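Enquirer: Right, I'll just put the structure down here and ask away after.
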Amino acid sequence: MKKFIFIVFIFILTSIMMLSSCSDNSSNTKTKEKSAEKKEAVEKVDINQIKTAITDNKLMQQDSYSLKCNTLWKDAEQNETNNNIEISRDKKNNIISFKNFIDNEADSEVEIIRQDQKTWIKMMGEWYETESTEEIITQVDELSDIYSQIASGLYENYEYIGAEDVNGVNCNKFSIDGTYNIKLPTIDNGIDTEELKDIKLKGNIYISTDDNLKDVIMKVVYKCEGKMINPYDMNSDEAKDNIFEVNVEVSSINEEIKIEIPENAEKMDMGF
Numbered sequence: 000m001k002k003f004i005f006i007v008f009i010f011i012l013t014s015i016m017m018l019s020s021c022s023d024n025s026s027n028t029k030t031k032e033k034s035a036e037k038k039e040a041v042e043k044v045d046i047n048q049i050k051t052a053i054t055d056n057k058l059m060q061q062d063s064y065s066l067k068c069n070t071l072w073k074d075a076e077q078n079e080t081n082n083n084i085e086i087s088r089d090k091k092n093n094i095i096s097f098k099n100f101i102d103n104e105a106d107s108e109v110e111i112i113r114q115d116q117k118t119w120i121k122m123m124g125e126w127y128e129t130e131s132t133e134e135i136i137t138q139v140d141e142l143s144d145i146y147s148q149i150a151s152g153l154y155e156n157y158e159y160i161g162a163e164d165v166n167g168v169n170c171n172k173f174s175i176d177g178t179y180n181i182k183l184p185t186i187d188n189g190i191d192t193e194e195l196k197d198i199k200l201k202g203n204i205y206i207s208t209d210d211n212l213k214d215v216i217m218k219v220v221y222k223c224e225g226k227m228i229n230p231y232d233m234n235s236d237e238a239k240d241n242i243f244e245v246n247v248e249v250s251s252i253n254e255e256i257k258i259e260i261p262e263n264a265e266k267m268d269m270g271f
């Protein structure tokens, strides 16, 4: 009887070991298959897509879009300033709206709407109407072209992460991690911003893979550290250790964009 029980025990133990072995083999096979799929997916990604997307700046070629940009400055004393930018553009009706406001500052909001030869500017809660001079046109275009500024120079030290959806658009997600020479958005450092050297930067960039929006940059998120002039530090114009974070995201590409022209705006001469 004892011998019979011992034989049954050995049989059960052997069966468990065989099942475990089969399970391990199956698991290893699935892992290998997933690794192969990931490797194949990476190989299909154009390694030059980031450079192409940044150089061609295809967002500006679209009929319409909305864009939101949040920037955060933090100095060595941990003082923070949040700056928010919202842009809407409708090329068909030749109209663009640019809104900028700083957190916790009620009177900081500035909004500009330009259509053809007319420009409306909102300051201190009041709307003003003026002519669209060449200088106004140039400044609004530079302010609205966020991506050519924040993404300039980010051609190296990136890695493909995977596919991800951004506001209904299929994208390739890349990580960026390295030391770069960059420019800050003009809204944060004035027009004609000088290039910043040797800035440590880490983040992600999302580039569309949809046929109708091929290589459009849909989202950029990064954090950089280094010697920078903080435009919100009223006590110094020297480059100091600062942290600068940016989060930009695009939506409503080639969709209907509603931009309301302000009524009864006070007419004024901007003087330039």
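Start counting the sequence shown at 0; every next residue gets the next number (numbering that gives the first Met the number 0).
All residues carry an ideal CB built from backbone N, CA and C; glycine is no exception.
What you are looking at is a predicted structure, and each value in this text was computed from that prediction instead of being measured.
Got a sec, what are the start and stop residues for the beta strand (DSSP E) Gln114 sits in?
Expert: Per DSSP, Gln114 belongs to the beta strand (DSSP E) from 109 to 114.
Enquirer: Where Ala238 and Lys73 are concerned, what is the direct C-alpha to C-alpha distance, given to the nearest angstrom?
Expert: Those two C-alpha atoms are separated by around 13 Å.
Enquirer: Can you list, in chain order, the residues of its chain whose CB lies under 6 Å from that of Ile135, leaving out five sequence neighbours each side?
Expert: These residues qualify, in order along the chain: Thr118.
Enquirer: Which residues does DSSP list as the beta-bridge partners of Gly167?
Expert: In DSSP, Gly167 forms no bridge with anything.
Enquirer: Mind checking whether Ile252 and Ile94 have CB atoms under 8 Å apart?
Expert: Going by C-beta atoms, Ile252 is not nearer than 8 Å to Ile94.
Enquirer: With a floor of 3 residues, list each beta strand (DSSP E) that falls wholly inside the stretch 191 to 243, ordered by position along the chain.
Expert: 195 to 207, 216 to 227, all fully within the stretch 191 to 243.
Enquirer: Between the C-alpha atoms of Asn229 and Glu141, what's the straight-line distance to the nearest angstrom?
Expert: Distance between the alpha carbons of Asn229 and Glu141: 20 Å.
Enquirer: Please work out which residues of its chain come closer than 6 Å, Cβ to Cβ, to Pro261, disregarding the five sequence neighbours upstream and downstream, and give them in chain order.
Expert: Within the same chain, Pro261 has close Cβ partners Trp119, Trp126.
Enquirer: In this structure, how does DSSP classify Ala162 when only helix, strand and coil are distinguished?
Expert: Ala162: strand per DSSP, three-state reduction.
Enquirer: Output needed for Asp209: all residues of its chain with C-beta closer than 7 Å, excluding positions within five of it in sequence on either side, in chain order.
Expert: Excluding sequence neighbours, Asp209 sits near Val168, Asn169.
Enquirer: Skipping 5 residues on each side, what residues in its chain have a beta carbon closer than 8 Å to that of Asp236?
Expert: Hits under 8 Å: Ile228.
Enquirer: In whole angstroms, what is the alpha-carbon distance linking Ile204 and Glu248?
Expert: The straight-line gap from Cα to Cα measures roughly 10 Å.
Enquirer: Just the Cα atoms here: how many angstroms apart are Ile256 and Asp89?
Expert: Their backbone Cα atoms lie some 6 Å apart in a straight line.
Enquirer: From what residue to what residue does the beta strand (DSSP E) around Lys73 run?
Expert: Here the beta strand (DSSP E) through Lys73 covers 63 to 74.
Enquirer: For Lys67, which residues of its own chain have a beta-carbon under 6 Å away from its beta-carbon, when the five flanking residues on both sides are left out?
Expert: Result list for Lys67: Glu85, Glu248, in chain order.
Enquirer: Could you have a look at Thr132 and say whether DSSP puts it in helix, strand or coil?
Expert: Looking at Thr132 - three-state DSSP - the assignment turns out to be coil, as it is neither helix nor strand.
Enquirer: Determine whether the beta carbon atoms of Asn81 and Ile101 lie at a separation below 8 Å.
Expert: Cβ distance < 8 Å, so Asn81 and Ile101 count as in contact.
Enquirer: Specify the secondary structure class of Met59 as computed by DSSP and reduced to three states.
Expert: Met59: helix per DSSP, three-state reduction.
Enquirer: DSSP three-state label for Asp272, please.
Expert: For the chain, the structure presents residues 0 to 271; residue 272 sits outside this window and is missing.
Enquirer: If you follow the beta strand (DSSP E) that Ile260 is part of, which residue opens it and which one closes it?
Expert: No beta strand (DSSP E) contains Ile260, which DSSP labels as neither H nor E.
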